[in-house]
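Under numbering that gives the first Met the number 0, the sequence shown has 6 at position 7, and the numbering climbs by one with no breaks. Every residue, glycine too, gets a C-beta built ideally from N, C-alpha and C.
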Amino acid sequence: MNLMVAVDERWGIGKDGDLLRRISTDMKRFRAMTTGNVLILGRKTLESFPNKKPLPNREHIVLTQNLGYQAEGVTLCHSIEELPQLLKGFGDKEVFVAGGGSVYEQLLPLCEKAYVTKIHDTYPADTFFPNLDELPEWEIVDEGEALEDEGIKFSFVLYQKKR
Ligand SMILES: NC(=O)c1ccc[n+]([C@@H]2O[C@H](COP(=O)([O-])OP(=O)(O)OC[C@H]3O[C@@H](n4cnc5c(N)ncnc54)[C@H](OP(=O)(O)O)[C@@H]3O)[C@@H](O)[C@H]2O)c1
């Protein structure tokens, strides 16, 4: 499985249950890469989506410890241990870990590639992603060019786990 995340220069990813910034170029890329595929996300990230609803045209596996939790149009998963069996039901679809902080942290060891949108700025944040530059098992394989959207500078950086 792979992951997609948008980080600022301090690897901040969220504040008060929401993203730090919305970059439409990044959102479009996220949609293009994940449509038709499978997202794994935490319950809090699902609830940060518009109307707390899953995104169209993608399968969602939502982690929650709450056995009574109900959400329409998603597959619930109550522990990381349950995941491999659940994923077998999704055949050959590509699987993307889509946050938030707690889910990235737990599933990072299972990921091969990290599609990191690096925002060239810092914002107040309360949720962070592990700094991949400090983890020896990860390396950058594509730096990505500097881009700008509505005044926000960013780049798409691809990290890969060393073989
Ligand atoms: N920048 C980005 O790319 C990006 C992407 C996604 C999210 N975010 C941001 O990240 C923040 C949310 O992250 P977060 O860490 O607070 O929440 P989260 O990871 O989205 O969700 C946490 C919840 O997931 C469930 N969970 C996590 N691990 C589990 C496990 N092993 N077994 C069962 N359930 C498990 C629990 O739900 P229950 O409490 O129901 O048990 C837990 O409270 C928001 O600010 C969001 O906007 C940023």
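Checklist entry - Roughly how many angstroms separate the alpha carbons of V156 and M0, rounded to a whole number? => result Each residue's alpha carbon lies about 17 Å from the other.
Checklist entry - What span of residues does the beta strand (DSSP E) with E138 cover, start to end? => result W137 to D141
Item to check | Rounded separation between D91 and Y68 - CA only | outcome: 28 Å
Item to check | Runs of alpha helix (DSSP H) wholly within the region 36–91 (minimum 4 residues, chain order) | outcome: 42–45 and 82–87
Next on the checklist: Any heavy atom of ligand 1 inside 8 Å of the beta-carbon of R28?
Outcome noted: no
Next on the checklist: ligand 1 and N130: does the residue's C-beta get closer than 8 Å to at least one heavy atom of that ligand?
Outcome noted: N130: no, Cβ never under 8 Å from ligand 1.
Checklist entry - Would the beta-carbon of V102 fall within 9 Å of that of T34? => result no
Next on the checklist: Any heavy atom of ligand 1 closer than 8 Å to the beta-carbon of R162?
Outcome noted: no
Checklist entry - Along the chain, which unbroken stretches of the beta strand (DSSP E) at least 3 residues long are found entirely within the region 90–119? => result 94–96 and 112–118
Checklist entry - Roughly how many angstroms separate the alpha carbons of V165 and L66, rounded to a whole number? => result Residue 165 cannot be examined here, being either before or after the span of the chain that is shown, 0 to 162.
Item to check | Span separating the alpha-carbon of I118 from that of E111 | outcome: When only Cα atoms are considered, I118 and E111 end up about 22 Å apart.
Next on the checklist: Tell me the rounded alpha-carbon separation between F128 and I12.
Outcome noted: 6 Å
Checklist entry - By Cβ distance, which residues of its chain are closer than 6 Å to T74, with the 5 residues on each side in sequence left out? => result I60
Checklist entry - From L19 to D125, what does the alpha carbon distance come to, in whole angstroms? => result 10 Å
Item to check | Opening and closing residue of the alpha helix (DSSP H) in which F29 lies | outcome: Residue range S23 to T33 is occupied by the alpha helix (DSSP H) that includes F29.
Checklist entry - Do L146 and G98 have their CB atoms nearer than 9 Å? => result no
Checklist entry - Going by DSSP, what residues sit across from T126 in a beta bridge? => result Answer is G13, bridged to T126.
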